[in-house]
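Everything below concerns the one structure shown next.
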Amino acid sequence: MSMMKAAIFVERGRIELADKPIPDVGPNDALIRITTTTICGTDIHILKGEYPVAKGLTIGHEPVGVIAKLGSAVNGYEEGQRVIAGAICPNFNSYAAQDGVASQDGSYLIGSSRCGAHGYKATAGWRFGNLIDGTQAEYVLVPDAQGNLAPIPDGLSDEQVLMCPDIMSTGFKGAENANIRIGDIVAVFAQGPIGLCATAGARLQGASTIIVIDGNDHRLGIAKQMGADVTLNFHTCDVVDEVMKLTGGRGVDASIEALGTQGTFESALRVLKPGGTLSSLGVYSSDLTIPLAAFAAGLGDHRINTALCPGGKERMRRLMNIVASGRADFGALVTHHFALDDIVAAYDLFANQRNGVLKVAITPH
Ligand SMILES: [Zn+2]
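Numbering (the numbering used here), first residue to last: -12 to 352.
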């Protein structure tokens, strides 16, 4: 049995490289040789022990690579083909997928009785680096490959499509879930990689004015490149007051929360007009409180939408087409490069947000 290198969760505070067997390929799987992957903010929650995963699990959920081996039931692909897969890998035959919520599909867990016979399980479509071995390795096994492998269009580099599996899919979902109409005024809270993609998504959806909020001027500068019209640094102004002034006291049509804290969630609600939509993308680490006045005691016709990023080959095809067409360019998000052998240093840089890091490209070879 041949072995590979993989970044595994050891214990709270420790993700390290280890040797693991290269996985066997079942009929519906594909083995992908990773050429580029990255670290997500969610992986930092795992590193800090805030999001529990099994000890020894390979971390990472953003694969760009080459098909090394195809399962016998996977048709329409070739070994050697360049592909990505979404961070979320649903079984598209499941009840959840046919109900339009493929990301909440846990049908593959039915045998282990970790979900009911119907197969719905919140967030279970996120398998890589959560419930099965992930992508920060030399190889990853893609389950239900027929529905999840997306060929990379000719001419696009690994780095150009590296944001598609998660960051772009999530950020754009935030804009889609905000029900943005042409001419809307939109506020986006936090401009990390996902917030930046939500800003770009809001622009693509037709927002006339995009107000973005962060505490980091470097990120606010990049937000301008992504389509932000007004940038607010929460260290230097009262964000809620400022947004209400900018909208003549009306509030924004839609607000997007892209961090996952009480403060950002609350502000996103406080700046929202009656009848507006709050689209929440953040991963929260504790209970949320909803402020009564901003919530209009429950009578404000507000909509609050949550999301896990969509996966699947059709979603990935669309996102890669956005990149190929030049409608959005996320090249500026890849700020640092590391070999897989140096992934502990990459985690250290990314977790501590040093040197203006936004996303790191990790290459096994
Ligand atoms: Zn992620």
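Ideal Cβ positions, reconstructed from N, Cα and C, are used throughout, including at glycine.
Note that the structure is a prediction, hence the values are computed from the model and not measured.
{"Asked": "Residue burial classification, Arg206 (beta-carbon count within 10 angstroms, cutoff 16)", "Found": "buried"}
{"Asked": "When Thr234, Thr276, Ile154 are compared against Glu253, the one with the closest alpha-carbon", "Found": "Thr276"}
{"Asked": "Pairwise C-alpha distance: Asp240 and Thr264", "Found": "7 angstroms"}
{"Asked": "Burial state of Thr23, where buried means 16 or more other Cβ atoms lie within 10 Å", "Found": "buried"}
{"Asked": "Beta-carbon proximity list for His105, same chain, < 7 angstroms, skipping 5 on both sides", "Found": "Tyr82"}
{"Asked": "Asn15 versus Val61 - alpha carbon distance", "Found": "6 angstroms"}
{"Asked": "Residues near ligand 1, criterion Cβ-heavy atom distance below 6 angstroms", "Found": "Cys27, Thr29, His48, Ala74, Asp153"}
{"Asked": "Sub-8 angstroms separation of Asp171 and Ser195 beta-carbons", "Found": "yes"}
{"Asked": "Which listed residue (Gly298, Ala255, Thr223, Tyr107) has its alpha carbon closest to that of Phe115", "Found": "Gly298"}
{"Asked": "Local conformation of Arg341 per DSSP, three classes", "Found": "coil"}
{"Asked": "Of the residues His32, Ser59, Thr251, Lys56, the one placed nearest Gly401, counting alpha carbons only", "Found": "Lying outside -12 to 352, the shown extent of the chain, residue 401 is not represented and no answer is given."}
{"Asked": "For Glu49 and Leu306, the rounded distance between their alpha carbons", "Found": "14 angstroms"}
{"Asked": "Distance, Cys151 Cα to Leu286 Cα", "Found": "38 angstroms"}
{"Asked": "Alpha helix (DSSP H) segment containing Ser90, residue limits", "Found": "Looking at the DSSP string, Ser90 is not in any alpha helix (DSSP H), and its letter there is neither H nor E."}
{"Asked": "Alpha-carbon to alpha-carbon, Gln123 and Tyr334", "Found": "11 angstroms"}
{"Asked": "Whether Ala162 touches Gly188 by CB criterion (8 angstroms)", "Found": "yes"}
{"Asked": "Whole-angstrom distance between Lys260 and Arg237, CA atom to CA atom", "Found": "6 angstroms"}
{"Asked": "Gly116: first and last residue of the uninterrupted beta strand (DSSP E) it sits in", "Found": "It is not in any beta strand (DSSP E) - Gly116 carries neither H nor E in the DSSP assignment."}
{"Asked": "Exposed unless 16 or more other CB atoms sit within 10 angstroms - verdict on Met(-10)", "Found": "exposed"}
{"Asked": "Beta-ladder partner(s) of Asn292, from DSSP", "Found": "Ser266"}
{"Asked": "Where Arg302 falls, given that 16 or more other Cβ within 10 Å makes a residue buried", "Found": "buried"}
{"Asked": "Beta-bridge partners of Glu3, as assigned by DSSP", "Found": "Ile(-5)"}
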